[in-house]
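Each residue of the sequence shown is one higher than the last, beginning at 1 in the UniProt record's numbering.
Quick reminder that beta carbons are idealized off the backbone N, C-alpha and C, glycines included.
The block underneath contains the structure these notes are about, expressed in structure tokens.
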Amino acid sequence: MSRSKRDNNFYSVEIGDSTFTVLKRYQNLKPIGSGAQGIVCAAYDAILERNVAIKKLSRPFQNQTHAKRAYRELVLMKCVNHKNIIGLLNVFTPQKSLEEFQDVYIVMELMDANLCQVIQMELDHERMSYLLYQMLCGIKHLHSAGIIHRPTVRTYVENRPKYAGYSFEKLFPDVLFPADSEHNKLKASQARDLLSKMLVIDASKRISVDEALQHPYINVWYDPSEAEAPPPKIPDKQLDEREHTIEEWKELIYKEVMDLEERTKNGVIRGQPAPLGAAMINGSQHPSSSSSVNDVSSMSTDPTLASDTDSSLETSAGPLGCCR
């Protein structure tokens with residue numbers, strides 16, 4: 001793409017103390033979160049005709065650690081595709097060459113609410129068990145590829161706008177629960193039993209994700225297409241063992257951005273299914289994009305990197321970090 005043509009595809013807007021220079025397809029930017037690793041805005045995608053979240057990475061080339069995290073985030077988000085994990089829609093940079101390269105923008109699905117908000121609602125056991133089921137499916141999918149989630153399940157707070165008084169029915173308008181004979185069995189005693197097995201200090205005695213999915217409080221929702229989805233294929237097997245100079249990381253990240261720019265011109269990554277934001281049960285679509293309750297920006301194939309990534313953009317919720 002020529003320099004002048006590329007310039008014409010972008011515009012700049014001030015977001016707090018930062019300047020977002022984004023593709024013209026993204027309109028009505030509104031800040032919804034910030035932290036050490038980035039600033040996130042809600043926006044409207046005029047091509048896909050949907051709301052999205054745009055994350056601008058903060059100082060990705062400040063040091064080797066920042067650069068390595070940025071590279072890992074791009075690689076993992078590109079590979080992971082599961083209906084219960086926030087989907088990658090686009091990646092771009094306004095800079096025109098490797099020499100000028102300094103900004104990375106990641107476009108993701110925008111959720112209607114975050115898990116921290118949802119757990120403040122008055123939820124019955126059907127809804128609580130369904131939320132746990134979705135999170136367990138997402139975690140199992142990540143574990144199947146050797147991707148380590150943080151010690152507790154976190155939601156992508158920065159890419160979810162807060163709606164005062166938002167009801168669960170608005171977030172999950174199409175939920176169709178199992179037959180009465182099944183969902184009437186969901187009781188507080190079952191929930192307490194599952195929690196007691198999750199909250200075990202000795203990890204070897206703690207319930208695993210697979211075991212939790214088979215627990216009576218959860219398994220009424222079991223769908224092989226979700227719980228047994230094929231693992232993501234990560235082409236870079238030495239993702240966390242890589243050590244490079246900042247300039248080498250910069251070149252690797254630039255190549256990833258250019259590749260993703262080319263593959264996401266129409267808003268979805270070519271070469272893999274479009275990200276799915278809705279869970280499926282018995283062939284019926286259920287919660288909308290708000291059902292993607294896990295994100296990969298805080299994940300790693302290395303426990304060290306998984307534990308030292310920024311948490312200021314996120315919030316912990318739920319006991320699922322207590323599953324093996």
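With DSSP run on the structure shown, which of helix, strand or coil describes residue i?
| i | result |
| --- | --- |
| Ile85 | strand |
| Asn219 | helix |
| Thr264 | coil |
| Met121 | coil |
| Lys68 | helix |
| Pro31 | strand |
| Glu109 | strand |
| Cys41 | strand |
| Glu158 | The predicted model places Glu158 with a pLDDT of 32, which falls under 50 and marks its position as unreliable, so this point remains unresolved. |
| Glu226 | helix |
| Asn8 | helix |
| Leu213 | helix |
| Glu73 | helix |
| Asp174 | Note on Asp174: pLDDT 46, under 50, position unreliable in the model; the coordinate value appears next. Note: Asp174 maps to coil in three-state DSSP. |
| Ser18 | strand |
| residue 325 | Here the chain covers residues 1 to 324 and nothing more, so residue 325 does not appear. |
| Leu57 | strand |
| Arg127 | helix |
| Arg192 | helix |
| Val257 | helix |
Buried or exposed, going by whether 16 or more other CB atoms sit within 10 Å of the CB of residue i?
| i | result |
| --- | --- |
| Ala229 | buried |
| Arg242 | exposed |
| Asn90 | buried |
| Lys78 | buried |
| Arg127 | buried |
| Ser34 | buried |
| Ile47 | exposed |
| Gln117 | buried |
| Met121 | exposed |
| residue 325 | Any answer about residue 325 is impossible in this case: the structure gives the chain only from 1 up to 324. |
| Arg192 | exposed |
| Ser129 | buried |
| Asp112 | buried |
| Thr245 | exposed |
| Glu73 | buried |
| Lys68 | buried |
Whole angstroms are fine: how far does the CA of residue j sit from the CA of residue i?
| i | j | result |
| --- | --- | --- |
| Tyr71 | Leu110 | 22 Å |
| Glu14 | Lys96 | 21 Å |
| Ile201 | Asn84 | 27 Å |
| Leu142 | Glu262 | 26 Å |
| Val250 | Glu99 | Correcting the residue type first, residue 250 is Lys in the shown sequence and not Val. Cα-Cα distance, rounded: 10 Å. |
| Pro235 | Ala43 | 31 Å |
| Asn81 | Leu88 | 8 Å |
| Leu195 | Leu123 | 16 Å |
| Gln102 | Glu247 | 11 Å |
| Ser204 | Arg324 | 8 Å |
| residue 378 | Leu76 | Residue 378 is absent from the structure shown; the chain starts at 1 and stops at 324. |
| Ile147 | Ile86 | 15 Å |
| Leu132 | Ile218 | 7 Å |
| residue 326 | Ile119 | This structure gives no information on residue 326, because the portion of the chain shown stretches from 1 to 324. |
| residue 337 | Gln238 | An answer regarding residue 337 cannot be provided, because it is not within the stretch 1 to 324 covered by the chain. |
| Thr93 | Asn8 | 13 Å |
| Ile32 | Val40 | 6 Å |
| Asn188 | Pro216 | What sits at residue 188 in the sequence shown is Ala, not Asn. Rounded to the nearest angstrom, the two C-alpha atoms are 12 Å apart. |
| Val107 | Lys255 | 17 Å |
| Thr264 | Val104 | 15 Å |
| Val220 | Gly138 | 17 Å |
If I measure Cβ to Cβ from residue i and keep anything under 8 Å in the same chain, skipping five residues before and after, which residues do I get?
| i | result |
| --- | --- |
| Pro231 | His141, Ser144, Ala145 |
| Lys233 | Cys79, Ala145 |
For residue i, I'd like the list of residues in its chain whose CB is within less than 7 Å of its CB, leaving aside the five on either flank, ordered along the chain.
| i | result |
| --- | --- |
| Ala179 | Note on Ala179: pLDDT 47, under 50, position unreliable in the model; the coordinate value appears next. Within the same chain, Ala179 has no close Cβ partners at all. |
| Asp45 | Arg25, Tyr26, Val52, Gly267 |
| Pro23 | Checking the sequence, you will find Leu at residue 23 rather than Pro. Within the same chain, Leu23 has close Cβ partners Asn9, Phe10, Phe92. |
Apart from the five residues on each side of it in sequence, which residues of its chain come closer than 6 Å, Cβ to Cβ, to residue i?
| i | result |
| --- | --- |
| Gly38 | Lys55, Lys56, Leu57, Ser58 |
| Leu260 | Val91 |
*Are at least three pairs of beta-carbons, each pair with one atom in the region 220-229 and one in the region 56-66, less than 8 Å apart?*
no
*asked:* So, does the region 210-222 touch the region 26-40, judging by three or more C-beta pairs under 8 Å?
replied: no
*Given 8 Å as the limit, is there contact between the region 54-61 and the region 17-24, that is, 3 or more CB pairs closer than that?*
yes
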